[in-house]
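The numbering of the sequence shown is this note's numbering, which starts it at -6 and goes up by one. Backbone N, C-alpha and C fix where the C-beta goes; we use that ideal spot for every residue, glycine too. Inspection log for the structure reproduced underneath, given as C-alpha cells.
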Amino acid sequence: MIEHRDVPGLYGASSAAPGVSAPRVTPESLRERKRAGVPIVMVTAYDVVGGQAARAAGVDVVLVGDSAANVVFGYESTRDIRPDELLALTAAVRRGLRTPLLVGDLPFGSYEISDAQAIATAQRFVKEAGCDAIKLEGGGVNAERARAIVRAGIPVMGHVGLTPQTATALGGWRAQGRTADRALELAKDALDLQEAGCFSVVFEAIPSEVAAVISAKMHVPVIGIGAGPAVDGQVLVFHDLLGIREGHGARFVKRYADLLDDMVDGVAAYAADVRSRAYPGPEHAYSVDGEELSAFRAAVEDLAG
Ligand code: KIV
C-alpha cells in the first residue's frame, strides 16, 4: 500500500503534524498558490494505483483525462471514449485519492449540445465518481456550457489551445496560436472561460511567448502542457511521464521513468522462469501436515478416477 508522504507545498513540508494528512487541495488553495507564485503540479491518473501514486507524491491536482481513450482503452481518438467508461476509471482513481483535487474530463459529445446536457453529465461525474471538479475543452459556446455548470455549483476547469476532441478541425495535432490572429482567438477563449467562472484553465501546445502573454492577463491559475514555463503549473499524462507507452510522444513530454521497459522485462523473466520450471520455488508453495497428507493419500485411493 502506498503511504501518504507530506511534501513541500504552499504551506511547507511541516504544515501537517506527523500522521496527520495534509489539507485537501481546493480551487481556492490553487488560487493561493498562484498568488504566492508556487507552481501547481497536475498529473493524469486512470486507476486506484495511479491515484495512490499521485497522492503519495504530493501532487496537487489529478485529472482523469479522456486521454484514457488512448492510453487505457487503445482507441484511436479521445472522441471514442464513452461517459460510462470514463466514470468507471474516475471512481477507481477517487478510491486512491484524498488530498489532491480530483478533476473529471467530460467526454466528447457529453456536454456540447445544451446547458442541460452539460450540467447532467457534470453531475454524473460528481455523484457517480466523486469528482471535485470537471474539465471541458474549448471556448466559444463551450464557455457558456462552463458557465451553466459553474452556476449549478460544480467547479470547472477550461482547456484551450490544442484541444484533442476537436484536433481535426484545428488542422491536426499541432501547436496552436502561431499566428497573431489565432493567438488572439486563444486569448479570447481563455478570457471567456475565466469570465464564465472557470477556476483554472489548461493551455495545451501553445508557443511559450504567446502563453506568457495570455497567462499574464489571467487571474485564475493557468496549467500548461506544452505551453512553456510562464504559467502557474504543469500537467503531463501519467503514461507519458512514466514511459508506459511506446514512442516518444509530443515534443513537450519529458520522461521520468521507463516503466514499459521494466514491465516487458518483468513479464519476460516470469515467462522464462515458468518455462524452465524455476518458478514456483519452495518459498512460493504451501505445506501440509505429514499425517494429514498420508490420510489424504490413503483416502484418495478409494475415489474413482
Ligand atoms: O485528457 C487529458 O489527459 C488532458 C490533459 C492532457 C490536459 O486533457
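Beta-ladder partner(s) of residue i, from DSSP
{"i": "T156", "result": "In the DSSP output, where bridge partners are listed per residue, T156 has none listed."}
{"i": "F101", "result": "DSSP, once it has assigned bridges, lists no residue as partnering F101."}
{"i": "M256", "result": "M256 is not bridged to any residue."}
{"i": "F196", "result": "V153 and G217"}
Beta-carbon spacing of residue i, residue j below 8 Å
{"i": "Q306", "j": "A198", "result": "There is no way to answer for residue 306, as the model of the chain reaches only from -6 to 298."}
{"i": "L90", "j": "V34", "result": "no"}
{"i": "V31", "j": "V57", "result": "no"}
{"i": "L192", "j": "M150", "result": "At residue 192 the sequence reads Phe, which differs from the Leu that was named. Yes, Cβ-Cβ distance for F192 and M150 is below 8 Å."}
{"i": "A176", "j": "A136", "result": "no"}
{"i": "D299", "j": "V224", "result": "Residue numbering for the chain in the displayed model covers -6 to 298; residue 299 lies beyond these limits and cannot be assessed."}
{"i": "V145", "j": "I106", "result": "Note that residue 145 corresponds to Ala in the displayed sequence, not to Val. No. Outside cutoff."}
{"i": "A109", "j": "L82", "result": "no"}
{"i": "A126", "j": "L99", "result": "no"}
{"i": "A173", "j": "S201", "result": "no"}
{"i": "E121", "j": "L80", "result": "yes"}
{"i": "F196", "j": "G165", "result": "no"}
{"i": "V194", "j": "H152", "result": "yes"}
{"i": "V18", "j": "D53", "result": "yes"}
Residue range of the beta strand (DSSP E) that includes residue i
{"i": "D98", "result": "L94 to D98"}
{"i": "Q169", "result": "Note, Q169: premise wrong, no beta strand (DSSP E); not H, not E."}
{"i": "V215", "result": "V215 to I218"}
Contact belief for residue i with residue j at Cβ below 8 Å, rounded distance in angstroms
{"i": "A115", "j": "I142", "result": "5 Å"}
{"i": "A38", "j": "A47", "result": "5 Å"}
{"i": "G133", "j": "D59", "result": "G133 to D59, Cβ: 19 Å. No contact."}
{"i": "G97", "j": "C124", "result": "4 Å"}
{"i": "P222", "j": "L23", "result": "That belief does not hold up - the Cβ atoms of P222 and L23 are roughly 18 Å apart, past 8 Å."}
{"i": "L253", "j": "G236", "result": "6 Å"}
Element boundaries [alpha helix (DSSP H), containing residue i]
{"i": "A120", "result": "Checking the sequence shown, residue 120 turns out to be Lys, not Ala. Run containing K120: D108 to K120, per the alpha helix (DSSP H) assignment."}
{"i": "I207", "result": "S201 to A209"}
{"i": "G226", "result": "Careful: G226 lies outside any alpha helix (DSSP H), inside the beta strand (DSSP E) at G226 to L229."}
{"i": "A292", "result": "G283 to E294"}
{"i": "A126", "result": "Counting along the chain, A126 falls outside any alpha helix (DSSP H), though it belongs to the beta strand (DSSP E) covering A126 to K128."}
{"i": "V246", "result": "That residue, V246, is in no alpha helix (DSSP H); it is neither H nor E in DSSP."}
{"i": "R144", "result": "V134 to R144"}
{"i": "P299", "result": "Residue 299 lies beyond the residue range present for the chain, which begins at -6 and ends at 298; the question has no answer from this structure."}
heavy atom of the ligand GTP below 7 Å from residue i C-beta
{"i": "L56", "result": "Ligands in the displayed structure: the ligand KIV; the ligand GTP is not one of them."}
Identify every run of the beta strand (DSSP E) within the region 17 to 57, keeping only runs that are complete inside it and at least 3 residues long; order them along the chain.
33 to 37 and 54 to 57
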